[in-house]
Amino acid sequence: MAVYRTHVLVCAGAGCVSSNCKAVESALQEQLAKVGLAEEVKVIETGCIGTCDLGPVMVIYPEGVFYQKLTPEDAEEIVNEHILKGRVIERLLFKPAASDDLVEKACDIEFFRRQYRIALRNTGVIDPGVIEEYIARDGYAALGKVVTDMTREQVIDVIKRSKLRGRGGAGFPTGLKWQFTYDAPGNEKYVVCNADEGDPGAFMDRSILEGDPHAVIEAMAIAGYAVGAKQGYVYVRAEYPLAVARLARALDQARNYGFLGEEIFGSKFCFDIDIRVGAGAFVCGEETALIASIEGKRGEPRPRPPFPAVRGVYGKPTLLSNVETYANICPIILNGPEWFAGIGTEESKGTKVFAIAGDINNTGLVEVPMGTTLREIVFDIGGGIPNGKRFKAAQTGGPSGGCLTAEHLDTPMDYESLRELGSMMGSGGLIVLDEDSCMVDIARFFLDFTQDESCGKCTPCRIGTTRMLEILTRITEGEGEEGDIERLETLARTIQSSSLCGLGQSAPNPVLSTLKYFREEYEIHIREKRCPSGHCAGLVRFVIDPELCRGCGLCVKHCPVGAISGERRKPHVIDADLCTKCGECQATCPFDAILKI
Amino acid sequence: MEVVANKCQCEALRAKDPRYKKLADIIAKYAGREGALIPVLHEAQEVFGHLPPEIQMLVAEGLDVPLSEIDGVITFYSLFTAEPQGKYKIGVCLGTACYVKGAGDVLDELKERLQIDVNKTSADGLFTLEVTRCVGACGLAPVVSVGDDVYGRLTPDDIPAILEKYIESEKNSNA
Ligand SMILES: Cc1cc2nc3c(=O)[nH]c(=O)nc-3n(C[C@H](O)[C@H](O)[C@H](O)COP(=O)(O)O)c2cc1C
Ligand code: FES
Numbered sequence: 030m031a032v033y034r035t036h037v038l039v040c041a042g043a044g045c046v047s048s049n050c051k052a053v054e055s056a057l058q059e060q061l062a063k064v065g066l067a068e069e070v071k072v073i074e075t076g077c078i079g080t081c082d083l084g085p086v087m088v089i090y091p092e093g094v095f096y097q098k099l100t101p102e103d104a105e106e107i108v109n110e111h112i113l114k115g116r117v118i119e120r121l122l123f124k125p126a127a128s129d130d131l132v133e134k135a136c137d138i139e140f141f142r143r144q145y146r147i148a149l150r151n152t153g154v155i156d157p158g159v160i161e162e163y164i165a166r167d168g169y170a171a172l173g174k175v176v177t178d179m180t181r182e183q184v185i186d187v188i189k190r191s192k193l194r195g196r197g198g199a200g201f202p203t204g205l206k207w208q209f210t211y212d213a214p215g216n217e218k219y220v221v222c223n224a225d226e227g228d229p230g231a232f233m234d235r236s237i238l239e240g241d242p243h244a245v246i247e248a249m250a251i252a253g254y255a256v257g258a259k260q261g262y263v264y265v266r267a268e269y270p271l272a273v274a275r276l277a278r279a280l281d282q283a284r285n286y287g288f289l290g291e292e293i294f295g296s297k298f299c300f301d302i303d304i305r306v307g308a309g310a311f312v313c314g315e316e317t318a319l320i321a322s323i324e325g326k327r328g329e330p331r332p333r334p335p336f337p338a339v340r341g342v343y344g345k346p347t348l349l350s351n352v353e354t355y356a357n358i359c360p361i362i363l364n365g366p367e368w369f370a371g372i373g374t375e376e377s378k379g380t381k382v383f384a385i386a387g388d389i390n391n392t393g394l395v396e397v398p399m400g401t402t403l404r405e406i407v408f409d410i411g412g413g414i415p416n417g418k419r420f421k422a423a424q425t426g427g428p429s430g431g432c433l434t435a436e437h438l439d440t441p442m443d444y445e446s447l448r449e450l451g452s453m454m455g456s457g458g459l460i461v462l463d464e465d466s467c468m469v470d471i472a473r474f475f476l477d478f479t480q481d482e483s484c485g486k487c488t489p490c491r492i493g494t495t496r497m498l499e500i501l502t503r504i505t506e507g508e509g510e511e512g513d514i515e516r517l518e519t520l521a522r523t524i525q526s527s528s529l530c531g532l533g534q535s536a537p538n539p540v541l542s543t544l545k546y547f548r549e550e551y552e553i554h555i556r557e558k559r560c561p562s563g564h565c566a567g568l569v570r571f572v573i574d575p576e577l578c579r580g581c582g583l584c585v586k587h588c589p590v591g592a593i594s595g596e597r598r599k600p601h602v603i604d605a606d607l608c609t610k611c612g613e614c615q616a617t618c619p620f621d622a623i624l625k626i
Numbered sequence: 146m147e148v149v150a151n152k153c154q155c156e157a158l159r160a161k162d163p164r165y166k167k168l169a170d171i172i173a174k175y176a177g178r179e180g181a182l183i184p185v186l187h188e189a190q191e192v193f194g195h196l197p198p199e200i201q202m203l204v205a206e207g208l209d210v211p212l213s214e215i216d217g218v219i220t221f222y223s224l225f226t227a228e229p230q231g232k233y234k235i236g237v238c239l240g241t242a243c244y245v246k247g248a249g250d251v252l253d254e255l256k257e258r259l260q261i262d263v264n265k266t267s268a269d270g271l272f273t274l275e276v277t278r279c280v281g282a283c284g285l286a287p288v289v290s291v292g293d294d295v296y297g298r299l300t301p302d303d304i305p306a307i308l309e310k311y312i313e314s315e316k317n318s319n320a
């Protein structure tokens with residue numbers, strides 16, 4: 030094998046592809062060829078490194094120097110200065126929001142330093158298109174060990190003892206699911222990976238599939254061995270074409286190596302995996318709907334029990350787990366269940382990947398031990414809130430979840446603590462909101478989502494979410510009425526208790542949670558017809574501060590509807606009934622005397 | 146439903162259009178396999194751009210699935226469409242991260258510029274405006290995709306230049 034003196038890891042995750050990392054990479058290759066270093070320096074396209082808003086990014090090894098926000102024009106300097114002369118290029122280094130010091134090495138950046146990567150162990154490190162790189166990092170060793178050295182019962186026992194819980198939302202113990210599927214009578218069984226990743230704002234499953242597809246393939250094969258399945262399906266949402274392409278290529282490679290197919294590792298075990306692509310329906314992330322969709326039907330959920338472990342794909346026992354759940358399996362087999370159970374909190378073991386986005390300095394993916402506090406995630410890893418704004422809330426669990434407030438910053442992030450606070454872990458989406466966010470509007474946003482995505486099969490969800498959305502829209506448009514809050518609460522309880530599937534049962538959560546912590550914001554919208562954060566356009570009012578107004582009359586001239594009046598050199602006033610809130614006056618006032626409230 | 150009678154009238158036309166040959170190949174590839182309907186519809190839509198009743202009938206016949214079931218599937222999944230689409234699909238991400246970062250304003254600007262509503266196609270047939278859920282590029286929010294291109298960190302002011310790019314290239318390719 031060729032030996033290279035330097036490895037350049039160029040992130041080719043979805044975020045960096047959108048920031049045009051391909052152009053940076055080809056410019057780099059070109060420059061390397063120009064100075065005759067193409068044989069000495071290896072450029073590797075990796076999966077998501079995690080720092081999505083800094084893209085395109087690269088890490089140069091062996092030094093571990095991290096460069097960010099690159100353009101193709103930087104390639105020449107990187108080759109001439111860094112690679113040829115060993116001089117670090119300061120202007121391309123990362124500068125944390127909170128300090129003036131440049132950070133040279135990836136391992137010294139807080140964002141990376143505080144992470145503990147199990148599920149993401151290879152994403153951003155290996156080239157996902159080269160199976161040998163996966164193998165070099167213990168890839169397919171766990172599968173080999175399982176099929177040659179362990180009984181099916183032993184494998185299930187290891188997963189149980191690790192106390193791994195499902196990362197797709199509900200947090201059900203994974204080992205028990207394996208046991209149930211194993212116990213279910215029948216010769217034909219299936220293993221399914223849920224890669225529908227429905228939470229808008231979560232992208233860890235995508236990053237794993239794109240950055241380390243073999244981790245999921247190997248784990249599914251291990252699961253197939255343990256529960257007695259010959260066929261697996263990965264159900265990927267159609268919005269992730271890159272993930273589908275990389276997974277398909279990885280499946281071919283695994284077949285060529287004999288890790289999938291007949292008599293794997295010379296044993297009697299046979300297993301293969303097919304990809305099924307979704308077609309744009311959030312409810313298909315729900316397990317029974319997903320199974321219907323794999324069968325080629327409308328993705329409508331059905332009541333449980335029977336659970337998929339008993340009646341799944343084509344009516345056969347089916348083990349269905351999330352991408353991140355599978356990504357934890359191989360390390361557990363190789364390092365032992367005690368190692369895994371030693372990480373995290375009492376009831377929540379191991380790590381969790383969070384997708385942090387919204388009003389935060391470092392957006393991206395982070396994997397931390399369960400029980401890490403919200404404060405550490407938002408401030409130490411996430412670098413805090415941009416533009417000196419205050420932290421207002423963090424929304425977890427997506428459309429099924431709720432919010433946490435400044436008061437909860439020291440909450441350990443695990444399944445139980447989040448549930449107690451009226452939110453949930455969900456898939457790990459974490460949206461940070463600053464002081465300018467309107468919580469009523471956030472609740473309306475999620476209801477708009479669930480109402481749109483409700484499959485319509487059951488009435489409480491179909492009609493109930495529509496009614497709730499109407500009320501919320503009314504409130505944000507300044508048409509709220511006394512009694513609306515109570516109406517929302519009654520509807521919420523009914524929908525929660527009578528919907529067919531988790532979509533409806535959890536749809537009211539964002540409303541209940543914002544009502545619990547930000548009730549006065551709802552009241553101000555309804556009673557004072559005002560949006561305290563100034564977000565809801567229908568509720569914004571323009572007023573003139575009499576202290577600052579000099580009565581110059583400029584605004585009177587610019588107001589298109591003649592809503593402003595006043596004597597010259599005396600403070601003017603805006604007639605709220607005439608005002609169309611175009612903001613023209615505010616833009617023209619030379620004294621900043623016009624305020625938006 | 147009797148679909149056979151419908152078939153012969155357009156046989157001659159179809160023979161000339163290579164897309165129908167592709168469709169036949171797709172159906173042949175999946176026929177008899179379990180759960181084939183959704184993958185076939187995906188590939189058929191790739192070929193024809195949309196799934197009008199005529200194509201639905203051919204799929205129904207080829208896979209031996211009732212037409213009503215196909216209609217049920219197409220109307221259930223938002224990605225399948227029976228309507229013709231514009232040359233470029235504009236997808237405005239309204240996932241949480243993008244919404245928080247002002248995707249709503251970007252969408253309003255697009256509606257205004259194109260003079261169309263969501264899920265409609267512009268009069269010149271160039272653009273279809275769609276709303277998508279998280280495309281997984283939350284770090285770049287707000288995100289808009291046009292065909293295969295992705296634009297991040299947008300404000301409404303960026304929209305005219307982006308649209309202009311496609312309108313220009315269309316003009317050039319026609320010239
Ligand atoms: C409306 C709805 C949407 C869901 N979406 C997803 C999803 O996108 N990805 C996922 O893994 N689980 C999703 N789930 C949870 C699944 O039903 C299921 O519990 C999970 O995939 C099981 O895997 P796990 O045990 O590894 O968590 C969803 C549930 C509901 C009710
Ligand atoms: S919310 Fe728009 S890309 Fe994730």
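Protein sequences, first through last, are from chains S and W.
Here our numbering is used: the first residue of the first sequence is 30, the next is one more, and so on.
Here our numbering is used: the first residue of the second sequence is 146, the next is one more, and so on.
Where is the CB? At the ideal position from N, CA and C, for every residue including glycine.
All figures in this text were calculated on a predicted structure; none of them were measured in a lab.
Proximity test, residue 462 of chain S beta-carbon vs ligand 2 heavy atom, cut-off 8 angstroms: Answer for residue 462 of chain S: no, Cβ out of range of ligand 2.
* To do: Determine the burial state of residue 321 of chain S: buried for a count of at least 16 other Cβ atoms within 10 Å of its Cβ, exposed for fewer.
  => buried
Within a Cβ cutoff of 6 angstroms, which residues of the same chain sit near residue 85 of chain S, ignoring the five residues on either side of it in sequence? Result list for residue 85 of chain S: 45, 48, 50, 53 and 99, in chain order.
Report task. Find the nearest neighbour of residue 441 of chain S within the set S:456, S:466, S:404 and S:417, judged by alpha-carbon distance. Result -> S:404
- Run down chain W in chain order and give the residues with a C-beta less than 9 angstroms from the C-beta of residue 326 of chain S. 180, 182, 183, 214, 217, 218 and 221
- Query: Cβ-heavy atom distance between residue 610 of chain S and ligand 1 below 8 angstroms?
  - Reply: no
For this session: Report the neighbours of residue 395 of chain S on chain W: residues whose CB is nearer than 8 angstroms to its CB, in chain order.
Result: Within 8 angstroms Cβ-Cβ: nothing; residue 395 of chain S doesn't reach chain W, min ~12 angstroms.
Check the Cβ of residue 244 of chain W against every Cβ in chain S and list those closer than 7 angstroms, keeping chain order.
474
What distance in whole Å lies between the Cβ atoms of residue 122 of chain S and residue 131 of chain S, which are believed to be in contact at a cut-off of 8 angstroms?
-> 4 angstroms
Q. Are the CB atoms of residue 356 of chain S and residue 149 of chain S nearer to each other than 9 angstroms?
A. yes
Check whether chain S comes within 9 angstroms of residue 286 of chain W, counting only Cβ atoms and requiring the distance to be less than that. yes
Where the stretch 264-278 of chain S meets chain W: residues whose CB sits under 8 angstroms from a CB there: Here the close residues are 267, 268 and 269.
*Going by DSSP, name the residue or residues bridged to residue 369 of chain S.*
Partner(s): none; residue 369 of chain S has no beta bridge.
- prompt: Among W:272, W:246, W:254 and W:211, which one has its Cα closest to the Cα of residue 229 of chain W?
  reply: W:272
Secondary structure of residue 48 of chain S, DSSP reduced to three states = Here residue 48 of chain S sits in coil by DSSP.
Per-residue contacts from residue 187 of chain W into chain S (C-beta, under 8 angstroms)
267, 306 and 308
Review point. In the DSSP assignment, what are the bridge partners of residue 238 of chain W?
Key: Residue 238 of chain W is bridged to W:277.
Contact under 9 angstroms by Cβ, residue 305 of chain S with residue 265 of chain S: Yes; because the gap between Cβ atoms is below 9 angstroms, this pair is in contact.
request  = Classify residue 385 of chain S as buried or exposed, calling it buried when 16 or more other Cβ atoms lie within 10 Å of its own Cβ.
outcome  = buried
- Name the DSSP bridge partner or partners of residue 571 of chain S? S:625
Exercise. Heavy atom of ligand 1 less than 8 angstroms from the Cβ of residue 196 of chain S, yes or no?
Worked result: Yes, the Cβ of residue 196 of chain S comes within 8 angstroms of a heavy atom of ligand 1.
Can you give the Cα-Cα distance for residue 152 of chain S and residue 119 of chain S, rounded to whole angstroms?
Spanning the two alpha carbons is a distance of roughly 26 angstroms.
### Query
Just how far apart, CA to CA, sit residue 7 of chain S and residue 315 of chain S?
The shown model of chain S, from 30 to 626, leaves out residue 7 of chain S, and the question about it has no answer.
query: From the DSSP output, which residues share a beta bridge with residue 424 of chain S?
result: DSSP, once it has assigned bridges, lists S:432 and S:460 as partnering residue 424 of chain S.
Quiz item: When you compare only the Cα positions, how much space is there between residue 146 of chain W and residue 177 of chain W?
Solution: In this prediction, residue 146 of chain W scores a pLDDT of 49, lower than 50, which makes its location untrustworthy; no coordinate-derived value is stated.
Suppose only complete runs of 4+ residues qualify. What are the alpha helix (DSSP H) ranges in the stretch 50-87 of chain S, listed by chain order?
Those alpha helix (DSSP H) runs which fall completely within the stretch 50-87 of chain S and span 4+ residues are 50-63.
Out of S:169, S:190 and S:185, state which residue places its alpha-carbon closest to the alpha-carbon of residue 279 of chain S.
S:169
Check your understanding: Applying the criterion that 16 or more other CB atoms from any shown protein chain within 10 Å of the CB defines a buried residue, is residue 401 of chain S buried or exposed?
Key -> Looking at its Cβ environment, which holds 16 or more other Cβ atoms inside 10 Å, residue 401 of chain S is buried.
What residues in its chain sit with their C-beta under 6 angstroms from that of residue 277 of chain W, if we drop five residues either side in the sequence? 236 and 238
**Asked** When every heavy atom of ligand 1 is checked, does at least one fall within less than 8 angstroms of the C-beta of residue 530 of chain S?
**Response** Yes, the beta carbon of residue 530 of chain S sits closer than 8 angstroms to at least one heavy atom of ligand 1.
Helix, strand or coil at residue 441 of chain S [DSSP, three-state]
strand
Check: residue 240 of chain W CB to nearest chain S CB: under 9 angstroms?
Finding: yes
| request: Could you tell me if residue 183 of chain S is buried or exposed, where buried requires 16 or more neighbouring beta carbons within 10 angstroms of its beta carbon? | output: exposed
| Any chain S beta carbon closer than 9 angstroms to residue 147 of chain W | Low local confidence applies: a pLDDT of 49 at residue 147 of chain W is under 50, so the model's placement there is unreliable, and no value is given.
Q. I think residue 365 of chain S touches residue 373 of chain S, with their Cβ atoms under 8 angstroms apart; what is that distance to the nearest whole Å?
A. Taking C-beta atoms under 8 angstroms as the contact rule, residue 365 of chain S and residue 373 of chain S fail to qualify, at a distance of about 15 angstroms.
When DSSP builds the beta bridges, which residues end up paired with residue 594 of chain S? S:602
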